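Following: one structure in structure tokens, then a few remarks.
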Amino acid sequence: MVHSRLFAAYPPAALDAFKSKDIERRLNLYQVFLKLYEHNPGLLNEILSLENSNSQAWTVTVPQFIQGMIGEPQTCLIANVGTGSTQMLWQPQHIWLIGRDRTCAITINDQRISRRHAVIQYLADAQRFYLIDLNSSNGSYVNGEPIRHRHPLQDGDRIRLGSLAFTFFVCQACQPLEDISPEILSLIEQAASIAPEKPGTPNPAPILPPPAQDTSKFLLNQKSGNA
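Quick note, the sequence shown lines up with residues 3 to 229 if you use the numbering used here.
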């Protein structure tokens, strides 16, 4: 439970001890919290409980994808589905099996995926990739629509196999680009030749405010010390 005394007004002496704009910003924020506490203490308690929680860390979610590469001398898939790491998959018959079985080109360790769930096939005559469901238990979907036969794939299609969802991309051509100019090459060489700065004598550590959840207790201690 949050006590309203933690959000009482602070004397000017406490503010004079901290000229940092960050401290002023936090004090302004706590004034807002005070008004919020007066009108809706339950909501503020929920906000602070989230602030105090250290068990949930920010994580970076990498979008799952399969990209079909059409080219010479070989056509292949580039995918990060299943393993989480991007890999190139070449199959001589241009048929890539997706399922729970270890023999699949793309193995998905999920009970909602059938052992041999679906295949992605490339037909050279049509110069196109297709998705084919292999009578799976939970079905195959393209852009939210279930498929029952060979379904042509387009760049940007959203595919769902059971609980697995990913985006399919197609690269059909390689665009040649002009040579890099000597000016840009010179800038690259200069940037590569600059040695990293050597660590010098560290500056005295500034007085930093405590974490947001401890700011009230910190300022109350400062108030007591200046009394």
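Glycine residues also receive a C-beta, built at the ideal position from the N, C-alpha and C atoms. In this text, all values refer to a predicted model and were calculated from it rather than measured experimentally.
The shortest C-alpha to C-alpha distance from His96 to any of Thr63, Gln123 and Pro184 is the one to Gln123.
Between His153 and Tyr132, the CB-CB gap stays under 8 Å. Taking the Cα positions, Asn30 is about 37 Å away from Val64. Setting aside the 5 residues that flank it on each side, Leu91 is surrounded in the same chain by Cys78, Leu79, Ile80, Ala81, Trp98, Ala107 and Ile108, each with a C-beta closer than 8 Å to its C-beta; the list follows chain order. The C-alpha of Ser116 lies about 52 Å from the C-alpha of Leu38.
One alpha carbon belongs to Gly86, the other to Gln69, and they sit about 14 Å apart. Annotation: the continuous beta strand (DSSP E) that includes Asp135 extends over Arg130 to Asp135.
Secondary structure of Gln192 (DSSP, three-state): helix.
Following the DSSP letters along the chain, one finds Ile100 in no alpha helix (DSSP H) but inside the beta strand (DSSP E) bounded by residues Ile97 to Gly101. Boundaries for Arg28: no beta strand (DSSP E) harbours it, while the alpha helix (DSSP H) harbouring it runs Lys23 to His41, taken from the DSSP string. Exclusion of the five residues before and after Phe170 leaves Ile68, Leu155, Asp159 and Ile161 as the residues of its chain whose Cβ lies within less than 6 Å of its Cβ.
In this structure, Asp112 lies near Arg102, with their beta-carbon atoms less than 8 Å apart. In this structure, DSSP gives Glu185 a helical state, which the three-state scheme calls helix.
One Cα belongs to Ala175, the other to His151, and the distance between them is close to 27 Å. No residue range can be given for Ile149, since it is assigned to no beta strand (DSSP E) and is classified by DSSP as neither H nor E. For Ala167, the enclosing beta strand (DSSP E) starts and ends at Leu166 to Cys173. In its chain, beyond the 5 residues on either side, Ile108, Thr109 and Ile110 have a beta carbon closer than 7 Å to the beta carbon of Gly84. In terms of CA proximity to Gln66, Ser165 leads the group Ser195, Leu179, Ser165 and Pro178. Beta-bridge analysis with DSSP links Gly70 to Leu79 and Val172. For Ser139, there is no enclosing beta strand (DSSP E), as DSSP marks it with neither H nor E.
Per DSSP, Leu179 is not a residue of any beta strand (DSSP E), being assigned neither H nor E.
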